[in-house]
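Q: In the working numbering, the protein residues as written are 4 to 101.
(1) Please classify residue 7: does DSSP put it in a helix, a strand, or coil?
(2) Rounded C-beta distance between residue 19 and residue 37? I'm assuming under 8 Å.
(3) Can you grab the Cα-Cα spacing for the pair residue 12 / residue 69, in whole Å?
(4) Roughly how many angstroms lie between the CA atoms of residue 27 and residue 33, to the nearest whole one?
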């Protein structure tokens, strides 16, 4: 079932309209599709920035011991992931590449 859509009207400078039209033609798409993708990308970036800021604030409230613990866990996770990758790729080396 198709998703519901809304129609909006946006007023932008003529130069931006011209640039938009050139991009639409180059990408072989529609203005609506290009604007939709731009809005989705903008909102995704805003959510990422909010999450990054929340993580930063959380990190700043940690004690040094807590930070060191999380760094150690992160490093161990990276090593485990690398070991899994070597196993998946069928590496027959006795020593890991890292």
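For every residue, glycine included, the Cβ atom is placed at its ideal position computed from N, Cα and C.
A: Taking the structure as given:
(1) Start at 1 with the first residue of the chain shown, and residue 7 comes out as number 4. In this structure, residue 7 counts as coil in the three-state DSSP scheme.
(2) Walking along the chain shown from the start, residue 19 turns up at place 16. Walking along the chain shown from the start, residue 37 turns up at place 34. Going by Cβ atoms, the distance from residue 19 to residue 37 rounds to 12 Å, so no, they are not a contact pair.
(3) Residue 12 sits at position 9 when you count from the first residue of the chain shown. Residue 69 sits at position 66 when you count from the first residue of the chain shown. Cα-Cα distance, rounded: 50 Å.
(4) Taking the chain shown and counting its residues from 1, the one referred to as residue 27 is at position 24. Taking the chain shown and counting its residues from 1, the one referred to as residue 33 is at position 30. Cα to Cα, residue 27 sits roughly 6 Å from residue 33.
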